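*Asks:* The working numbering puts the sequence shown at residues 1 to 481. Beta carbons are placed, not taken as given, at the ideal position from N, Cα and C, and that holds for glycine. Model, not experiment: these values are computed from the prediction.
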Amino acid sequence: MSAVKKWTVFSVRAALDAKTISARELTAEFYSRIEKRNPELNAYLTLSPERAYAQADRVDAMRASGKPLPPLAGVPVAIKDVISTRGIRTTCASRMLEDYVPPFDATAVARLEDAGAVILGKTNCDEFAMGSSNENSAFGPVRNPVALDRVPGGSSGGSAAAVAAQLAVGALGTDTGGSIRQPGALCGVPAMMPTYGRVSRYGLIAFASSLDRIGPFATTVSDIAAFLAVISGRDENDSTSASVPVPGFFAEMQKPVEGMRIGIPAEYFGEGMDPEVRQKVEDGIEVLKKLGCRTVNLSMPHTDYAIATYYIVANAEASSNLARFDGVRYGLRVDGSSLREMYENTRGRGFGTEVKRRIMLGTYALSSGYYDAYYLRAQKVRSLITRDFTEAFKKADVIVTPTSPSPAFRIGERIDDPLAMYLSDIYTVTGDLAGVPAISIPCGVTSDRLPIGLQIFAPAFMEARILQLARAFEGATGDSS
Ligand code: GLN
């Protein structure tokens, strides 16, 4: 795909230890790649060289003094632009926050930096993380580095494209309905949504609070584990972060997968799936069998209701979260001759079409007389979807499915058909609703060389089991390096 050298967390460390490169030189190398490639990809919205070089110099000073280096020392990373970065513009890819510079760092960002990572900049995404193609950005679409006329997926399209094009060694994205895993699948890189509560969301600009999660993109499963280990764990600043111990992902990941029970839910292999996706995912399951895993056929009967449920819950929460952008408290203000006109001007100009659609749908679902019929009912169905997972995990250790029903589609192909766009999320939204963790890992390409993703779910807080299987799969398919 690209001739540039592929760096990983592990090769960065080896090169720093061997003194073949300094953190400053590596940072410069990544900025020069970005300068060459970003104009066509539009993966980065803002670069932060001052902060990046200052951090690289700190790492180099540590090396010079012989101090032990932290786990991500010198590793260049990118941050989705819905995650707050102190002193670096954080736009949510919206006109509403075009000039917003947060006075603090999100906990996940602070933890990456404390672990030595170098923050190169902020990545493009769908506006307020609403979308599946990155076409809803106020600052233009991101192009898929594998095929420039195609979408990278969304909403974390810039993070996925940056990692796939090696414009960062890793990146943070967010997943509310699939926004980490689906772009990971469409760009051909591993991408993980941790358990709800595993990673602090302090500093994440909220879309749907009962669903939003932060997680990593990387080029190998081991690197996913390295990033996850750093960002996981309880944070006093986020009461929804869980006080659950963070396991040693590396040690856990080495365990053999022989005998693991792989659940195959019939509902994820029905109509509407691209035949090449089906083929590659079925081939992937054969690989898992050769590794000694057993397959178990399952039914998850409420899957059919997942899209409808998700788009009620997510939009209802979005309508409430986005009420704060009113021209008074945050972001853009467009004056008018009355208070009402000021609100209308501000929100009318600040938000794009899709965000407005979500706010209207969400407000409707929450309005008096409709609340019971829509929001309350959706919450009940959400419990049934969660129960499907609980039941499935009685029979299987993990669940394996496709990540997305189709490979990367063409830019413009679905933008005028919101329903077709929403249906792209069919295999991912269930995991968000149920709170369980999942990864998407590359499992081959189509005849047009478009990447395909295989998804692995595990019970809550069992990320280590996912990483264990994903690593074995990567080893067997030669997709690691
Ligand atoms: N595509 C889904 C949506 O548009 C998911 C977005 C996300 O996960 N942030 O809502």
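In this structure, how does DSSP classify F461 when only helix, strand and coil are distinguished?
*Replies:* coil
*Asks:* Starting from the Cα of F217, find the closest Cα among A185, F325 and R449 and give me that residue.
*Replies:* A185
*Asks:* Applying the 10 Å Cβ sphere with the 16-neighbour rule, what's the burial state of T390?
*Replies:* The Cβ neighbour count for T390, taken over all protein chains shown within 10 Å, is under 16; the residue is labelled exposed.
*Asks:* Taking Cβ to Cβ, would you say V189 is nearer than 8 Å to V163?
*Replies:* The beta carbons of V189 and V163 sit closer together than 8 Å.
*Asks:* Under three-state DSSP, which class holds S232?
*Replies:* strand
*Asks:* Q468 by DSSP, collapsed to three states: which one?
*Replies:* Reduced to three states, the DSSP call for Q468 is helix.
*Asks:* Taking its Cβ as the centre, do 16 or more other Cβ atoms sit within 10 Å of N297, making it buried, or is it exposed?
*Replies:* exposed
*Asks:* Verify the contact flag: A438, CB atom, against every heavy atom of the ligand GLN, threshold strictly below 7 Å.
*Replies:* No; taking the cut-off as 7 Å, the Cβ of A438 has no heavy atom of the ligand GLN nearer than that.
*Asks:* Less than 7 Å between the CB of A314 and some heavy atom of the ligand GLN, yes or no?
*Replies:* yes
*Asks:* According to DSSP, what are the bridge partners of Q455?
*Replies:* T401 and S440
*Asks:* Y374: buried (16+ other C-beta within 10 angstroms of its C-beta) or exposed?
*Replies:* buried
*Asks:* Return the first residue and the last residue of the alpha helix (DSSP H) that G158 is part of.
*Replies:* Its alpha helix (DSSP H) spans residues G157 to A164.
*Asks:* Helix, strand or coil for Y31, going by three-state DSSP, please let me know.
*Replies:* helix
*Asks:* Within this structure, are the beta carbons of A23 and V59 separated by less than 8 Å?
*Replies:* Yes; because the gap between Cβ atoms is below 8 Å, this pair is in contact.
*Asks:* Tell me which residue opens and which closes the beta strand (DSSP E) that L16 is part of.
*Replies:* Not the beta strand (DSSP E): L16 falls in the alpha helix (DSSP H), residues V9 to A18.
*Asks:* Residue ranges of each alpha helix (DSSP H) run of no fewer than 4 residues wholly in the region 255-328, ordered along the chain?
*Replies:* 275-290 and 306-321
*Asks:* Verify the contact flag: D417, CB atom, against every heavy atom of the ligand GLN, threshold strictly below 7 Å.
*Replies:* no
*Asks:* Please return the same chain residues whose Cβ sits closer than 6 Å to the Cβ of R89, not counting the five positions on each side in sequence.
*Replies:* T46 and V101
*Asks:* Tell me whether A171 sits in a helix, a strand or coil according to DSSP, three-state version.
*Replies:* strand
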